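Participant:
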Amino acid sequence: MDISIIIFLLGGLFLGWSLGANDAANVFGTAVGTRMVRFKTAAIVCSIFVILGAIISGSGTTETLGKLGAINALPGAFAACVAAGLSVYLMTKAGLPVSTTQAIVGAIVGWNLYTGSDTNIRVLITILGTWVLCPVIAGVIAMGFFTITKKYLLRRKLHILRLDAYTRTALLLAGAFGAYSLGANNIANVMGVFVPISPFTDVSISNFFVFSSKEQLFLLGGLAIAVGVFTYSKKVMFTVGNDLLKMSPVAAFIVVISHSIVLFLFASQGISNFLQSINLPSIPLVPVSSSQAVVGAVIGIGLLKGGKEVQWSVAGRITIGWFALPVIAALISMILLFILSNIFNLTVSF
Amino acid sequence: MFGLNKSSLFSDTKKLEREIDGFVDILSEVGLVFKSIVPTYLNHSANGKFEEMVEKVKEMESKADKITKEVEHTLYEETLIPDARSDVLRLLEHMDELIGMYQGNCYHFSIQKPDFPKEFHQDLIELTETVVNCVEALCLTVRSFFRDIKTVRDNAHKVTFYEKESDIKFSSLARRIFDSEMPLDQKMHLRYFVEKIDRICDQAEDIADEVQIYAIKRSV
């Protein structure tokens, strides 16, 4: 494989690493931060399920990103990934809870604008709509789960210790589901732009099992996310667990499961097909932000508790993020594309 | 697997549940023994039985101490209930102090042998009964905290009720003691005992207040 291909892929792997470092905390942060689950346990489960989710269910959201703009040259994909990574870094520094999802969408639109390719407005509107829907749905699911769980626990009268044991198991299972959903939903952010120009070829194992080039890319992206989980997420998990979400382990489980369901909903081809088959509007398969799903769930629970714990400032900053991040990512993407094509004489589109 | 052994987690949990239940049982039983100890002491003819009962309280206190240490050890070693661990341990320690107060009262009766005139016997027995009822209500409050936080407030309210009753009975008895014709040293001596018994209720009420706060923290 050409060394330049590896360098260009590094852009995506960097994005994968940062996704693992930051978003794994949404899945296991409260469990690890409150010491309900050990970091090592969380990291292993998270890594395995992120990779599985990416390979098994990562195609749907990737297709949607592909419809938004099919970047057809490796340097172009590299520029989009680096622009997304940089903009996330800048916004995180500014204290805004942003997501790689919004950044990569902005970066792709930036590529479209720079290269004069068409942006599918219908797909763009669908994507923007899901960003608003994601925290809202997470909040509604969390409210439902919270009400049911509270009633159930009051009726069951479980001993505090038994509840603790069940909650640990539930957090681990919800975390595994969350990691799977994260891999399925967000792998498109990491590797989506490389799919049309994948440097890999399909590998057939004894004519029985075909490991496609796309799956190989997703495996690579999943591994990058796993490396991010192991190398950098511990600190973020403790921050999420101790500073941002002061809630009981049961409430933490509800937040994780609600977030996981939302990510899964927006990544599951099966659910989408099923809804279509019974003549219901299908759910668009769009990469959504796990951070915003978590905040949506927390706000949902906060509203049920009377609204005092609702972090309205965070909600406000999310809204700023919806507008600011894609614009910044698009601008950085265009600047990088300009540098790559005019200074390094690289082809950024065909 | 992954450092989370499911069978070990659940077996540890069941063992701890039994230990904590056993601890609350001890507090309740010590109270019931104490309720019999006071009339037994006042009935001088049964002094052999009195010492036997004091010895029983001592044994139960040692057992409670052992359970507290075991629970503390397991909670920290297995990192169980991280959010409520310190609350549970503080609760057990304070209940252990309550058992210690019962035991202290028994020892003081055994060593100092206060001379309560017959006219105060009934009042002292009634005060003791109220104190034991108060601790019984606390045991229910604590059991509620572990299993059914919805009823914590109701049971804690009973503790407060008995504490007030005990205060009234203490004041009345103390007043009667000081209104009597006994020498001042005897009055002071008896007041010391009456006050020490009443203090068990104060401690029980403090613990019930604590449990109510812990219950609010525990609510989902």
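In order, the protein sequences belong to chains Z and P.
As numbered in our numbering, residues 1 to 350 make up the first sequence, in order.
As numbered in our numbering, residues 1001 to 1220 make up the second sequence, in order.
Here a beta-carbon is modelled for each residue, glycine too, at the ideal position from N, C-alpha and C.
The structure presented is a predicted model; accordingly, all values stated were derived computationally and were not measured.
1) Measure from the C-beta of P/LYS1150 to each C-beta in chain B and report whether the shortest distance is under 8 Å.
2) For P/VAL1071 and P/ILE1020, which I take to be in contact (beta-carbon distance under 8 Å), what is that distance rounded to the nearest angstrom?
3) Starting from the beta carbon of P/ILE1081, find every residue of chain Z whose beta carbon is closer than 8 Å, and list them in chain order.
4) Do we get a CB-CB distance below 8 Å when we pair Z/SER248 with the residues of chain P?
5) By the DSSP assignment, the beta strand (DSSP E) with Z/VAL210 in it spans what residues?
6) DSSP beta-bridge partners for Z/ILE205?
7) What residue does the alpha helix (DSSP H) around Z/GLY58 start on, and which one ends it?
8) Run through chain P and tell me which residues come within less than 7 Å of Z/LEU154, C-beta to C-beta.
9) For Z/MET36, does the three-state DSSP call read helix, strand or coil?
10) Around the Cβ of Z/GLN276, are there at least 16 other Cβ atoms within 10 angstroms (buried) or fewer (exposed)?
11) What does a CB cutoff of less than 8 Å around Z/VAL136 pick up in its chain, not counting 5 residues either side in sequence?
12) Kindly list the residues whose CB is nearer than 7 Å to the CB of Z/VAL82, restricted to its own chain and excluding five residues on each side of it in sequence; keep chain order.
13) Within the same chain, show all residues whose beta-carbon is closer than 7 Å to that of Z/LEU86, passing over the 5 residues directly before and after it, in chain order.
14) In the DSSP assignment, the alpha helix (DSSP H) including P/LYS1187 goes from what residue to what residue?
15) Taking 8 Å as the CB-CB cut-off, is Z/LYS157 touching chain P?
16) Tell me the rounded alpha-carbon separation between P/GLY1003 and Z/ARG35.
17) Please return the same chain residues whose Cβ sits closer than 8 Å to the Cβ of Z/GLN269, not counting the five positions on each side in sequence.
18) Enumerate in chain order the residues of its own chain whose CB-to-CB distance from Z/ALA103 is below 6 Å, with the five nearest sequence positions on each side excluded.
19) What first and last residue would you give for the alpha helix (DSSP H) that runs through P/PHE1109?
20) Name the chain Z residues whose beta carbon is nearer than 8 Å to that of P/GLU1017?
21) What residues in the stretch 1141-1169 of chain P bring their beta carbon closer than 7 Å to a beta carbon of chain Z?
22) Does the structure place the stretch 1192-1209 of chain P close enough to the stretch 1161-1177 of chain P that three or more beta carbon pairs sit under 8 Å?
23) Please tell me whether Z/GLY69 and Z/ILE127 are closer than 8 Å, where the distance is taken between their beta carbons.
24) Quick check on the burial criterion: 16 or more other C-beta atoms within 10 angstroms. Buried or exposed for P/TYR1041?
25) Check the Cβ of Z/MET36 against every Cβ in chain P and list those closer than 7 Å, keeping chain order.
26) On the criterion of 16 or more Cβ atoms from any shown chain inside 10 Å, does Z/PRO75 qualify as buried, or is it exposed?
27) Any idea if Z/VAL118 is buried or exposed, counting beta-carbon neighbours within 10 angstroms, 16 or more meaning buried?
28) In whole angstroms, give me the CA-to-CA distance for P/HIS1121 and P/THR1141.
29) Nearest CA to the CA of P/MET1182: which residue from P/GLU1061, P/PHE1161, P/ALA1137 and P/LYS1118?
30) Decide if Z/VAL236 is buried, meaning its Cβ has at least 16 other Cβ atoms within 10 Å, or exposed.
31) Excluding five sequence neighbours on each side, which residues of the same chain lie with their C-beta closer than 6 Å to the C-beta of Z/ASN189?
32) Measure from the alpha carbon of P/ASP1209 to the alpha carbon of each residue in P/GLU1129, P/ALA1137 and P/VAL1033, then state which is nearest.
33) Of all the CB atoms in chain Z, is at least one closer than 8 Å to the CB of P/PHE1010?
34) Starting from Z/GLY175, follow the alpha helix (DSSP H) in both directions and report where the run begins and ends.
35) Specify, as a first and last residue, the run of the alpha helix (DSSP H) that Z/LYS150 falls within.
36) Could you tell me which of P/THR1068, P/GLU1051 and P/LYS1035 sits nearest to P/ASP1016, measuring between CA atoms?
Facilitator: Well, looking at it:
1) The question asks about chain B, but that chain is absent: this structure's protein chains are Z and P.
2) Within the second sequence, the letter at position 71 stands for residue 1071 of chain P. Within the second sequence, the letter at position 20 stands for residue 1020 of chain P. 6 Å between Cβ atoms; contact.
3) Taking the first residue of the second sequence as 1, we reach residue 1081 of chain P at position 81. Simply ILE160, LEU161 and ASP164.
4) Counting from 1 along the first sequence, the entry for residue 248 of chain Z is found at position 248. Judged by the 8 Å Cβ criterion, Z/SER248 is in contact with chain P.
5) Position 210 of the first sequence holds residue 210 of chain Z. Counting along the chain, the unbroken beta strand (DSSP E) around Z/VAL210 starts and ends at 209-211.
6) Here residue 205 of chain Z refers to the residue found at position 205 of the first sequence. Z/PHE209.
7) Locating residue 58 of chain Z in the first sequence gives position 58, where the first residue counts as 1. Careful: Z/GLY58 lies outside any alpha helix (DSSP H) and carries neither H nor E.
8) To locate residue 154 of chain Z, count along the first sequence from 1; it is residue 154. Here the neighbours are LYS1150.
9) Against the first sequence, residue 36 of chain Z aligns to sequence position 36. Reduced to three states, the DSSP call for Z/MET36 is coil.
10) Counting from 1 along the first sequence, the entry for residue 276 of chain Z is found at position 276. When all chains shown are included, Z/GLN276 counts as exposed.
11) In the first sequence, counting from the first residue as 1, residue 136 of chain Z sits at position 136. So the list reads GLY296, once near-sequence residues are dropped.
12) For this step, residue 82 of chain Z is matched to residue 82 along the first sequence. Contacts found: GLY11 and LEU336.
13) As a first step, residue 86 of chain Z must be located in the first sequence, where it is residue number 86. So the qualifying residues of the chain are ILE332.
14) Position 187 of the second sequence, counted from the start, is the residue given in the question as residue 1187 of chain P. 1184-1218 is the span of the alpha helix (DSSP H), which, as asked, contains P/LYS1187.
15) For the purposes of this step, residue 157 of chain Z is identified with residue 157 of the first sequence, where counting begins at 1. Closer than 8 Å: yes.
16) Translated into the one-based positions of the second sequence, residue 1003 of chain P becomes position 3. Translated into the one-based positions of the first sequence, residue 35 of chain Z becomes position 35. At P/GLY1003, the pLDDT of 45 sits below 50, so the modelled position is not reliable and the matter cannot be decided from this model.
17) Within the first sequence, residue 269 of chain Z is the residue found at index 269, counting from 1. Contacts found: SER57, SER59, GLY60 and LEU285.
18) Residue 103 of chain Z sits at position 103 when you count from the first residue of the first sequence. So the qualifying residues of the chain are ALA84, SER87, VAL88, LEU325 and ALA329.
19) To locate residue 1109 of chain P, count along the second sequence from 1; it is residue 109. Going by DSSP, P/PHE1109 is part of the alpha helix (DSSP H) stretching over 1085-1112.
20) Walking along the second sequence from the start, residue 1017 of chain P turns up at place 17. Simply HIS159, LEU161 and ARG162.
21) Within the stretch 1141-1169 of chain P, those residues whose Cβ lies closer than 7 Å to any Cβ of chain Z are, in chain order, PHE1146, ARG1147, ASP1148 and LYS1150.
22) They touch, by the three-pair rule.
23) As a position in the first sequence, residue 69 of chain Z is number 69, starting the count at 1. As a position in the first sequence, residue 127 of chain Z is number 127, starting the count at 1. The Cβ atoms of Z/GLY69 and Z/ILE127 do not sit closer than 8 Å to each other.
24) Here the question's residue 1041 of chain P lines up with position 41 in the second sequence. The residue is buried, with at least 16 neighbouring Cβ atoms inside 10 Å.
25) For the purposes of this step, residue 36 of chain Z is taken as residue 36 along the first sequence, with counting starting at 1. Those within 7 Å of Z/MET36 in chain P are PRO1082.
26) By one-based count along the first sequence, residue 75 of chain Z stands at place 75. By the 10 Å Cβ count, Z/PRO75 comes out buried.
27) Residue numbering aside, residue 118 of chain Z sits at position 118 when the first sequence is read from its first letter. Checking the sequence, you will find Asp at residue 118 of chain Z rather than Val. Under this definition Z/ASP118 is an exposed residue.
28) If you number the second sequence from 1, residue 1121 of chain P lands on position 121. If you number the second sequence from 1, residue 1141 of chain P lands on position 141. Taking the straight line joining both Cα atoms gives about 30 Å.
29) Position 182 of the second sequence, counting from 1, holds the residue named residue 1182 of chain P. That would be P/LYS1118, whose Cα lies nearest to the Cα of P/MET1182.
30) Here the question's residue 236 of chain Z lines up with position 236 in the first sequence. Buried, by the Cβ-count rule.
31) Along the first sequence, one-based indexing puts residue 189 of chain Z at 189. Once the five neighbours on either side are set aside, the close Cβ partners of Z/ASN189 are THR100, THR101, ILE104 and PRO287.
32) Your numbering for residue 1209 of chain P matches position 209 in the second sequence. Of P/GLU1129, P/ALA1137 and P/VAL1033, the residue nearest in Cα terms is P/ALA1137.
33) One-based indexing of the second sequence puts residue 1010 of chain P at position 10. Judged by the 8 Å Cβ criterion, P/PHE1010 is in contact with chain Z.
34) What you label residue 175 of chain Z is simply residue 175 of the first sequence in a count that begins at 1. Unbroken alpha helix (DSSP H) run through Z/GLY175: 160-191.
35) Residue mapping note: residue 150 of chain Z aligns to position 150 of the first sequence, counting from 1. For Z/LYS150, the uninterrupted alpha helix (DSSP H) run begins and ends at 121-156, by DSSP.
36) For the purposes of this step, residue 1016 of chain P is identified with residue 16 of the second sequence, where counting begins at 1. Per the sequence shown, the amino acid found at residue 1016 of chain P is Leu instead of Asp. Looking at the Cα atoms, P/THR1068 is the closest of the given residues.
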